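Shown next, in structure tokens, is the structure this report addresses.
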Amino acid sequence: MQTITLRVTDRPGVLARVSELLAGRGCNIDSMKITQECRPGFALMRINARIDNDHLDILVREMGSLQDVLVVRSARERTAAFSYWTVAYGLFVTILGINLASPLYAAYKIQWSLTPGMIALLFAVYAFVVIPSIVLFGQLSDRIGSKAILLWGILVSLLASICFAMAGGVSMLLLARAIQGLSVGMFNGVAVSALTALHPSRDSHRAAFFAALSVTTGNALGPLMSGALAEWAPFPTRLPYLVHGLLILPGIIGLLLVRIQHPVPVKTRLHLPVLPRTIRAPFYTAAATSFIAWAVVSLFLSVIPSYMDEWIGRSSSYLFAAFTAAIVLGVSSASQSLFAKWPLPRMAAAGFVLLFSGLTSLVLTMHVSSSILLAVSAVLVGLGHGPLYAGSLASVNELAPEQARGDTVSFFYAGTYLGVAIPVLGFGYAAEYIGFVHAVELFSAVMCAFSVWTWMRWRNVNKWRDFR
């Protein structure tokens, strides 16, 4: 049984034309109700009919082309829209929790005498859990569907916030970060394929851009929320996680109600992701691009907020650290929309130039101790991160074969989270031996060199000229 709602002009013959179209398609009408609108000359028509899913979309389009029919909506469209926005909110709120700790690292450093290496490990440990879990659950989504995995993923995110709120030492913080990694591994890659399945036109490019926007927006608002609560509310290292738990509850309720249609499940054994040979060159280039973008951003989300007072001569506060982290990801969210209509190779070129400029500004900040220059660096890095991350994800989502989309996207995220973890971890331990300033200079030089190499690969992949 399907329900179709039409807004029509109140003229003779409209009902006859609609009934004739339904009869011509072999649809049995169970009930039909016509209601006059307050505005004269218009009416709402509600039809309950037996229509199979395969013909519903065709029938809706044909009704929309009838004379005097202004708007046509099906109940399935409304259900799909609700499911689409629910999955997007679930992705947003799961990612929101990832960087709640960024403004709080300074408090953890004082409370438990953490070194740069220990802070880097605390930040990066979740990524090492994400990588195997995102590969595993990406494959499971192809076999059992997305809904169950998304629901369990958001429940695990709630568990992580509870562990953070109860943390009494470094070991509990590490456990909470690992649980966060599991939740992201379950939700992130699966959410992209679910959003693609729920998009009205199954547009993988738009679904990927919307997923990337949800991720970066959640990343940006997370530190702002925790920084503001820690600055002005009691229990600075506990309250942000309790508020996050409350924000998760609507996502849990919504995911219990969503409906996601997928292709017939593929019955295969669990395996390491395998890429078709025809897409390997562009895929590895996209993965390297995302690796670089997130490596640089991770520096602004981990060690830098907790050591500002040592190299810009300013006493750290929760809110100042939060703004530093949030500027990068907030600007990234905005830049994704700014560059969204550019051809993908041009997006990459612009992103690398902006990222290089941001790293150069960061190195200069080491020598002039300027909070203004630090903010400029954060803005430039955010502007570069947006097109690099969103463009690479959109390209991979379009390249991915439908029957192995979960595998391909999961493989991409595995490379992305290696970028989150390994460079910043190396930076943290290098800072203990060569000093903070020299570690920033070394990190920037390596990232710039890697960016040049990756951009040369973009130029050599002809099929990346324009996917649209």
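Counted the way our numbering counts, the sequence shown spans residues 761 to 1228. The beta carbon of each residue, even a glycine, is placed where N, CA and C say it ideally should be. Everything numeric in this text was worked out from a predicted model, so none of it was measured.
For threonine 997, there is no enclosing alpha helix (DSSP H), as DSSP marks it with neither H nor E. Assigned with DSSP and collapsed to three states, lysine 793 falls in strand. Valine 1018 and leucine 1002 have their C-alpha atoms some 25 Å from each other. Our two residues, leucine 882 and leucine 819, have alpha carbons roughly 55 Å apart in a direct line. No beta strand (DSSP E) of 3 residues or more sits fully in the stretch 1162–1218.
In the structure shown, asparagine 788 adopts extended strand secondary structure according to DSSP, grouped into three states. Assigned with DSSP and collapsed to three states, leucine 804 falls in strand. Residues Ser1092, Ser1095, Gln1096 of the same chain have their beta carbon placed closer than 6 Å to that of glycine 1146, with the five preceding and five following residues left out of the count. Short of 7 Å from the beta carbon of leucine 1140, and not among the five residues preceding or following it, lie these beta carbons of its own chain, in chain order: Leu1114, Ser1117, Gly1118, Ser1121. For alanine 936, the closest alpha carbon among the candidates Ser953, Gly1195, Ala925 is that of Ala925. Judged by DSSP secondary structure, tyrosine 1149 falls within the alpha helix (DSSP H) whose first and last residues are 1131–1159. When Leu911, Pro983, Val1136, Arg806 are compared, the shortest CA-CA separation from leucine 775 is found for Arg806.
Short of 6 Å from the beta carbon of valine 1057, and not among the five residues preceding or following it, lie these beta carbons of its own chain, in chain order: Val1088, His1145. If you draw a straight line from the Cα of leucine 989 to the Cα of phenylalanine 1080, it is about 13 Å long.
Taking the C-beta atoms as reference points, tyrosine 849 is found no nearer than 8 Å to glycine 1005. Counting C-beta pairs with one atom in each stretch, the stretch 1044–1064 and the stretch 889–904 have fewer than three that are closer than 8 Å, which means they do not touch.
DSSP, read as helix, strand or coil, puts leucine 860 in coil.
Using a Cβ distance threshold of 8 Å, leucine 1035 and phenylalanine 1171 count as a contacting pair. In the three-state scheme derived from DSSP, where H, G and I count as helix and E and B as strand, threonine 763 is classed as strand. DSSP, read as helix, strand or coil, puts valine 768 in strand. Of the candidates Ala841, Val847, Thr765, Thr765 places its Cα closest to the Cα of valine 829. Residue burial is scored here from C-beta neighbours: alanine 1209 has fewer than 16 other C-beta atoms within 10 angstroms and is therefore classed as exposed. Within 10 angstroms of the beta-carbon of tryptophan 872 lie fewer than 16 other beta-carbons, which makes it exposed. With respect to the C-alpha of glycine 928, the residue from Tyr868, Ala908, Ala783 having the closest C-alpha is Tyr868.
Distance from the CA of leucine 999 to the CA of alanine 993, rounded to the nearest whole angstrom, comes to 8 Å.
Under the DSSP definition of a beta bridge, arginine 810 partners with Asn788. In the displayed model, valine 944 falls within a helix according to three-state DSSP. Taking the Cβ atoms as the reference, serine 921 lies roughly 6 Å from glycine 857, within the contact range of under 8 Å. Only exposed fits valine 1128, as fewer than 16 other CB atoms lie within 10 angstroms of its CB. Around the beta carbon of alanine 1205, fewer than 16 other beta carbons lie within 10 angstroms, which makes this residue exposed. Sorting Tyr1189, Leu981, Gln796 by C-alpha distance to the C-alpha of phenylalanine 1083 places Leu981 at the top. For glutamine 871, the enclosing alpha helix (DSSP H) covers residues 865–872.
In this structure, the straight-line span from the alpha carbon of alanine 1154 to that of threonine 846 is close to 21 Å. Going by beta carbons, valine 1063 and proline 1183 fall outside the 8 Å limit. Per the DSSP secondary-structure output, valine 832 pairs in a beta bridge with Leu766.
Closest in C-alpha terms to tyrosine 844, from the list Ile904, Ala971, Ile855, Cys787, comes Ala971.
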